[in-house]
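Structure first, commentary second.
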Amino acid sequence: MNVPAISLDAPPPVSPDLFAVGEIAAVPAMLDIICHASGVGFAAVVRVSEERWLACRVRDEASLGIRAGDVLRADTMPCRDAWQKGEPVIINDVGAGKRAGTTSAGRPFGFRSYISFPIVTSDGAVFGTLCAIGVQPARLDRPDIAHIFRQFAALIGTHLDAQRQSAGVDHPRGKDGTAAPAQVGPLATLIEHLPVGAGLFGPDGQVLLANSALRNLVRRNQPASVPGEGPGWTGYAGDGAILDPQHHPFPRALQGDIVSGARFLCRSDDGTEQWFRITGLPAPAGAVGDGLRIASAPAALLLVEAEHGSNGAEHALQRSEARLQAAFELVGLSPYGWDPATGALEWDARLKAMWGLPADAHVDQAVWLSAIHPEDRPRVEAAVTRCCDPAGDGVYKIDYRVIGIEDGVERWVSTHGRTRFEDGRPTRFVGVALDITERKRDEAVSRACEERFRQFAEHSANVLWLANLKSRRLTYLSRAVRHVWGVPPERLTSIENWLDTIHPDDRDSVERAVERVGSGDVVVLEYRILRPSDGIVRRIRDTFFPIRGEEGGIRHVGGIAADVTGRTGARIYVVDRDAESRQALLALLHPAGYEVQLFESPAALAEVAESLQPGCVILNLEAAEPDGLTVARALKVGRLALPVLVVGRSHGDVGCGVRAMKAGAVDYLEKPWQPSALLTAVSAALAELRTDNERSQARDDAKQRIGALSAREREVLEGLLAGGTNKSIGRALGLSPRTVEIHRAHVMETLGVRTLPEAVLMAAKAGVQPTDAL
Numbered sequence: 001m002n003v004p005a006i007s008l009d010a011p012p013p014v015s016p017d018l019f020a021v022g023e024i025a026a027v028p029a030m031l032d033i034i035c036h037a038s039g040v041g042f043a044a045v046v047r048v049s050e051e052r053w054l055a056c057r058v059r060d061e062a063s064l065g066i067r068a069g070d071v072l073r074a075d076t077m078p079c080r081d082a083w084q085k086g087e088p089v090i091i092n093d094v095g096a097g098k099r100a101g102t103t104s105a106g107r108p109f110g111f112r113s114y115i116s117f118p119i120v121t122s123d124g125a126v127f128g129t130l131c132a133i134g135v136q137p138a139r140l141d142r143p144d145i146a147h148i149f150r151q152f153a154a155l156i157g158t159h160l161d162a163q164r165q166s167a168g169v170d171h172p173r174g175k176d177g178t179a180a181p182a183q184v185g186p187l188a189t190l191i192e193h194l195p196v197g198a199g200l201f202g203p204d205g206q207v208l209l210a211n212s213a214l215r216n217l218v219r220r221n222q223p224a225s226v227p228g229e230g231p232g233w234t235g236y237a238g239d240g241a242i243l244d245p246q247h248h249p250f251p252r253a254l255q256g257d258i259v260s261g262a263r264f265l266c267r268s269d270d271g272t273e274q275w276f277r278i279t280g281l282p283a284p285a286g287a288v289g290d291g292l293r294i295a296s297a298p299a300a301l302l303l304v305e306a307e308h309g310s311n312g313a314e315h316a317l318q319r320s321e322a323r324l325q326a327a328f329e330l331v332g333l334s335p336y337g338w339d340p341a342t343g344a345l346e347w348d349a350r351l352k353a354m355w356g357l358p359a360d361a362h363v364d365q366a367v368w369l370s371a372i373h374p375e376d377r378p379r380v381e382a383a384v385t386r387c388c389d390p391a392g393d394g395v396y397k398i399d400y401r402v403i404g405i406e407d408g409v410e411r412w413v414s415t416h417g418r419t420r421f422e423d424g425r426p427t428r429f430v431g432v433a434l435d436i437t438e439r440k441r442d443e444a445v446s447r448a449c450e451e452r453f454r455q456f457a458e459h460s461a462n463v464l465w466l467a468n469l470k471s472r473r474l475t476y477l478s479r480a481v482r483h484v485w486g487v488p489p490e491r492l493t494s495i496e497n498w499l500d501t502i503h504p505d506d507r508d509s510v511e512r513a514v515e516r517v518g519s520g521d522v523v524v525l526e527y528r529i530l531r532p533s534d535g536i537v538r539r540i541r542d543t544f545f546p547i548r549g550e551e552g553g554i555r556h557v558g559g560i561a562a563d564v565t566g567r568t569g570a571r572i573y574v575v576d577r578d579a580e581s582r583q584a585l586l587a588l589l590h591p592a593g594y595e596v597q598l599f600e601s602p603a604a605l606a607e608v609a610e611s612l613q614p615g616c617v618i619l620n621l622e623a624a625e626p627d628g629l630t631v632a633r634a635l636k637v638g639r640l641a642l643p644v645l646v647v648g649r650s651h652g653d654v655g656c657g658v659r660a661m662k663a664g665a666v667d668y669l670e671k672p673w674q675p676s677a678l679l680t681a682v683s684a685a686l687a688e689l690r691t692d693n694e695r696s697q698a699r700d701d702a703k704q705r706i707g708a709l710s711a712r713e714r715e716v717l718e719g720l721l722a723g724g725t726n727k728s729i730g731r732a733l734g735l736s737p738r739t740v741e742i743h744r745a746h747v748m749e750t751l752g753v754r755t756l757p758e759a760v761l762m763a764a765k766a767g768v769q770p771t772d773a774l
């Protein structure tokens, strides 16, 4: 909320403290930066005493109405706490009941957030505070804001000390008695007098302002480069990770963000390294003096401090060691050392526990070797010999078993390390060890399960398959694919190869099923294939299922494909909107040995018809929608093995049954029907279905047998269909009668028939035409 400006009491005669602060040309830029960084809208340099709070320099964007020279009662302002204790006071929110400050005349003004840092001079005295006041709650306890306040308060204290030392020197004054403005802008003054390296940089990296401290700090790097940017600089986050360049202080400050104390390593061209801390601040528009134009273009103010001595390297080393130790703890690694000359070992408690020893047990080379499994010891000794050979790479990497010395427990250990050599002699070995017992047990169980699965898959009549969705490769096909698809597994290497074998009318539904499984669904679908070996149509019932990885994602899918070409089953699909009628049909059909599936509407059946097993559909036309016969037409057009039996009341309409039959129904029963009549009609429909399937199977079998004939044998068969004799066929083919007789015998054997009429009948089923060459 906005607090209206108030008229404060007239200040006492002009205070020398106002002159002192007014002579610090950088203060306006400081207050501008503070208002922008904190977002509270009011900032001031304040002289504080036991009784008074005197505003020496003010920036008031919150319309509090406080001006330079205004006095408030000190006991109503948190600044007095900072002045008395010499410590910062930070209040994010004083609470819903807004706290009030009070002028010397007793007039209050409200605030909700407050931050105040003491300004301390070289003699330890607290001059006052650098403060900011907000009329709304604000996050003022952020490290970046505290860093800015601390730097600016220290700079103001330094200037006040300098003024004391130069007391007696006249300074030009403005009309209001404050210091006259300098020839350069306040931001330039601030940059030049900051005790750390500071510079102002344009969005293109151009150096707009830089103090001597900054030029000295980065002299070894490219003179015109932005601190923290370029090939010589590497930034690090608090956890030691390398900072993304877009999170560096310079680009963040250009975007209006504040970045406090980011750590950077600067590598110069001569190989030397120096650690720095860099703070990035958005530059306040209009705060630059004459000759520099920021205008609407963003600019960044960078503060750069060097980390002296080896603090930076030590800090990085400590952080790296902490991260390494955390990594060891996370995965259970145990680092260890070995002296090849003396055999001395350095083991931690975790590694001793792998050998079945307590944490305080003594270990040496003899103790280590004594626990190694006898079957693995020769491999281990050979690996040690190789890693100690100066002619090799010194690498030691091996998995082996140990038997606990005190607990007798068998464990698997995986170890990896390297030997250090001096003057051709091994002097030091450092490595890590990991207990992999659980992993080895899991691998053994997995191998056993995989072997059982493969045995099951290889002896199953169903085709078991696995596919990688990303690479679109079929990674496994069981042996049954030879029988069902008629080709060896190596012929179907990809999902595309497999889709090419599917009937064109069913291919879209299969592709959609694969997509659904990739989304996590389990799909059961029936489709037809055209066997690549002979073109025979087979009906497949496939169960698609997703296979999730350890991360939870789905990269693989699997399926169990059953050949259901010859199955007619004894399934009944009842379509009846009336629940009572559905239950009556269920009570009749179940005792008769039928499996019954219920649907409330023809649309519900049509939605899943392609995935249903062959069976008979009972459609109650009376309870169905007006276009209920549409599903019968659709099943007929789709040539699905689902004959439809329609039941209903014609109400004297003799055309009702005719319309049902024309729509594709195999029979029509008028209500009320007799249970025996319904069962007879169902039995007849299923019998016709079995007959159709037998015809189809016989046709497929004939095509398969004909496809097994050689080209010459097929020519002989075509000649026999044309009524040719051995001699006439031989003349047409350029063969002797004896050769034709041999081919004829092979044809009869391949087709599995004994007489010529049987061979002719099978050829007709397969669609073989007689030759016209005779």
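Following full-length UniProt numbering, the numbering of the sequence shown begins with 1 at its first residue and continues without gaps.
C-beta atoms are modelled at their ideal positions from N, C-alpha and C, and glycine is treated no differently.
Which residue's Cα is closest to the Cα of residue i: the options?
i: Pro-614; options: Gln-597, Arg-712, Arg-441; result: Gln-597
i: Ala-632; options: Phe-264, Thr-691, Gly-664; result: Gly-664
i: Glu-438; options: Gly-228, Glu-410, Val-430, Arg-425; result: Glu-410
i: Leu-265; options: Arg-441, Arg-252, Ala-237; result: Ala-237
i: Asp-389; options: Leu-733, Asp-423, Glu-580; result: Asp-423
i: Ile-242; options: Gly-128, Ala-262, Ala-480; result: Ala-262
i: Pro-358; options: Gly-404, Ala-344, Asp-399; result: Gly-404
i: Val-647; options: Leu-629, Ser-710, Ile-618; result: Ile-618
i: Ala-609; options: Ala-592, Glu-622, Val-575, Pro-591; result: Val-575
i: Pro-16; options: Ser-334, Arg-441, Ile-34, Val-46; result: Val-46
Who does residue i pair with in a DSSP beta bridge?
i: Arg-418; result: Val-395, Val-430
i: Ser-494; result: Arg-473
i: His-247; result: In the DSSP output, where bridge partners are listed per residue, His-247 has none listed.
i: Gly-225; result: Residue identity differs from the one stated: residue 225 is Ser in this sequence, not Gly. In DSSP, Ser-225 forms no bridge with anything.
i: Leu-18; result: Paired residue(s): none; Leu-18 is not in a bridge.
Whole angstroms are fine: how far does the CA of residue j sit from the CA of residue i?
i: Gly-228; j: Ala-383; result: 47 angstroms
i: Arg-473; j: Pro-489; result: 12 angstroms
i: Arg-754; j: Val-747; result: 10 angstroms
i: Ser-494; j: Val-445; result: 29 angstroms
i: Glu-443; j: Glu-451; result: 12 angstroms
i: residue 777; j: Ala-300; result: One cannot answer for residue 777 here, as it falls past the ends of the chain, which runs 1 to 774.
i: Ala-660; j: Tyr-668; result: 7 angstroms
i: Trp-412; j: Asp-521; result: 39 angstroms
i: Phe-599; j: Arg-582; result: 9 angstroms
i: Glu-50; j: Glu-23; result: 25 angstroms
i: Leu-208; j: Ala-138; result: 32 angstroms
i: Leu-194; j: Ala-162; result: 14 angstroms
i: Ile-729; j: Val-760; result: 16 angstroms
i: Ala-708; j: Lys-727; result: 25 angstroms
i: Ala-579; j: Ser-601; result: 11 angstroms
Quick one: what does DSSP say residue i is sitting in, helix, strand or coil?
i: Ala-306; result: strand
i: Gln-769; result: coil
i: Thr-178; result: Residue confidence for Thr-178 is low, a pLDDT of 39 falling below 50, so the modelled location carries little weight; the figure read from the coordinates is stated next. Coil.
i: Trp-53; result: strand
i: Cys-388; result: coil
i: Ile-372; result: strand
i: His-362; result: coil
i: Val-48; result: strand
i: Val-557; result: strand
i: Trp-485; result: coil
i: Ser-113; result: strand
Are the stretch 109-128 and the stretch 32-47 in contact at 8 angstroms, needing three or more beta carbon pairs?
Contact between the stretch 109-128 and the stretch 32-47 is present, because at least three Cβ pairs lie under 8 angstroms.
If contact is defined by three or more beta carbon pairs under 8 angstroms, each pair taking one atom from either stretch, is the stretch 248-264 in contact with the stretch 272-282?
Under the 8 angstroms Cβ criterion, the stretch 272-282 counts as touching the stretch 248-264, having at least three qualifying pairs.
Quick test of the definition: if touching needs 3 or more C-beta pairs under 8 angstroms, does the stretch 730-745 touch the stretch 696-703?
Segments in contact, no.
Assess contact between the stretch 120-128 and the stretch 151-165, defined as three or more Cβ pairs (one per stretch) separated by less than 8 angstroms. Is contact present?
In short, these stretches touch, since the Cβ pair count reaches three.
Evaluate contact between the stretch 575-588 and the stretch 538-553, counting only Cβ atoms and requiring at least three cross-stretch pairs below 8 angstroms.
Flag = no, the stretch 575-588 and the stretch 538-553 do not touch.
Any contact between the stretch 48-64 and the stretch 126-137? By contact I mean 3 or more CB pairs, one from each, below 8 angstroms.
Yes, they touch.
Touch check for the stretch 463-478 and the stretch 366-384: three-plus C-beta pairs under 8 angstroms?
No contact exists between the stretch 463-478 and the stretch 366-384.
Assess contact between the stretch 503-510 and the stretch 525-538, defined as three or more Cβ pairs (one per stretch) separated by less than 8 angstroms. Is contact present?
At 8 angstroms Cβ cutoff, the stretches touch.
For the stretch 637-654 and the stretch 670-689, state whether three or more C-beta atom pairs, one from each stretch, are separated by less than 8 angstroms.
As far as the Cβ criterion goes, the stretch 637-654 touches the stretch 670-689, which means the pair count is three or higher.
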